[in-house]
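Under the UniProt record's numbering, the first residue of the sequence shown carries the number 1, and numbering increases by one thereafter.
For glycine and all other residues, C-beta sits at the position ideal for the given N, C-alpha and C.
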Amino acid sequence: MKIHPYLNFDGQAKEAITFYKSILGGDFDGGFNYFSEIPGMDHLSDEEKNRVMHVTLKISDEVKIMASDIMPSMGHKLNVGNHNYISLMPDSKEQGKKFFDGLSAGGKIEMPYEKAFWGSYFGSFIDKYGNGWMVNYNLKEGEE
Numbered sequence: 001m002k003i004h005p006y007l008n009f010d011g012q013a014k015e016a017i018t019f020y021k022s023i024l025g026g027d028f029d030g031g032f033n034y035f036s037e038i039p040g041m042d043h044l045s046d047e048e049k050n051r052v053m054h055v056t057l058k059i060s061d062e063v064k065i066m067a068s069d070i071m072p073s074m075g076h077k078l079n080v081g082n083h084n085y086i087s088l089m090p091d092s093k094e095q096g097k098k099f100f101d102g103l104s105a106g107g108k109i110e111m112p113y114e115k116a117f118w119g120s121y122f123g124s125f126i127d128k129y130g131n132g133w134m135v136n137y138n139l140k141e142g143e144e
């Protein structure tokens, strides 16, 4: 079984997922799909037609982040809160710092990326799009 986070945005899905790709790497699996591509959606405003219906950022075979925009005209409302975090487990302390510094830019740091009492480097933040992230690198024996 694989579990992939699915993020909703209010018109910022393309901007946000492109930003995440610039830090985490990967490719857009299947490209961007827009609401304008759905049959029968001619009644939407130009702004809503250009909203992202679905996109997948494939970072690896095991790691994907999916996203879409909400549709206000269909009664959708985005409620940003602390209900969801994306937890990254980097391959090195340095990679963790890179991810933390890049993704937290413009957001709100909850816990700085530093050595934690449980023997890992850990940090958490809410990014500039309102999504929660945790970066946790488990130190290997002999690492500080």
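Just how far apart, CA to CA, sit residue 54 and residue 105?
Translated into the one-based positions of the sequence shown, residue 54 becomes position 54. Translated into the one-based positions of the sequence shown, residue 105 becomes position 105. Roughly 25 Å between the two C-alpha positions.
If you draw a straight line from the alpha carbon of residue 72 to that of residue 34, how long is it in whole angstroms?
As a working note, residue 72 is residue 72 in the sequence shown. As a working note, residue 34 is residue 34 in the sequence shown. Between residue 72 and residue 34, the C-alpha separation is close to 15 Å.
Closest to residue 98 by C-alpha separation, out of 136, 132, 6, would be which residue?
The residue given as residue 98 occupies position 98 in the sequence shown. The candidate whose alpha carbon is nearest that of residue 98 is 136.
Give the list of continuous beta strand (DSSP E) stretches no shorter than 3 residues that lie fully inside the segment 16-94.
Qualifying beta strand (DSSP E) stretches, in chain order: 52-58, 64-69, 85-88.
Residue 69 and residue 13 - do their beta-carbons sit closer together than 8 Å?
What you label residue 13 is simply residue 13 of the sequence shown in a count that begins at 1. What you label residue 69 is simply residue 69 of the sequence shown in a count that begins at 1. Yes, these two residues count as a Cβ contact at 8 Å.
If we count the other Cβ atoms within 10 Å of its Cβ and call it buried at 16 or more, is residue 92 buried or exposed?
Mapped onto the sequence shown, residue 92 falls at position 92. Exposed: under 16 other Cβ atoms inside 10 Å.
Could you check which residue in 65, 108, 18, 45 has the C-alpha nearest to that of residue 74?
Taking the first residue of the sequence shown as position 1, residue 74 is located at position 74. Residue 74 has its Cα closest to that of 45, out of 65, 108, 18, 45.
Along the chain, where does the beta strand (DSSP E) that runs through residue 8 open and close?
Here residue 8 corresponds to residue number 8 of the sequence shown, with the count starting at 1. From DSSP, the beta strand (DSSP E) with residue 8 extends over 6-9.
If you follow the beta strand (DSSP E) that residue 137 is part of, which residue opens it and which one closes it?
Within the sequence shown, numbered from 1, the residue matching residue 137 stands at position 137. Here the beta strand (DSSP E) through residue 137 covers 132-138.
Using beta-carbon positions only, say whether residue 110 and residue 124 come within less than 8 Å of one another.
Position 110 of the sequence shown holds residue 110. Position 124 of the sequence shown holds residue 124. Yes, Cβ-Cβ distance for residue 110 and residue 124 is below 8 Å.
Counting C-beta neighbours from all protein chains within 10 Å, is the total for residue 132 16 or more, i.e. buried, or is it exposed?
Position 132 of the sequence shown, counted from the start, is the residue given in the question as residue 132. Buried is the call here.
Would you call the CB atoms of residue 126 and residue 107 closer than 8 Å?
Here residue 126 is taken as the residue at index 126 of the sequence shown, counted from 1. Here residue 107 is taken as the residue at index 107 of the sequence shown, counted from 1. The answer is yes: Cβ separation under 8 Å.
Specify the secondary structure class of residue 122 as computed by DSSP and reduced to three states.
One-based indexing of the sequence shown puts residue 122 at position 122. In the structure shown, residue 122 sits in a strand (DSSP, three-state: E or B).
Hey, how far is the Cα of residue 24 from the Cα of residue 11?
For the purposes of this step, residue 24 is taken as the residue at position 24 of the sequence shown. For the purposes of this step, residue 11 is taken as the residue at position 11 of the sequence shown. The alpha-carbon atoms of residue 24 and residue 11 are separated by roughly 21 Å.
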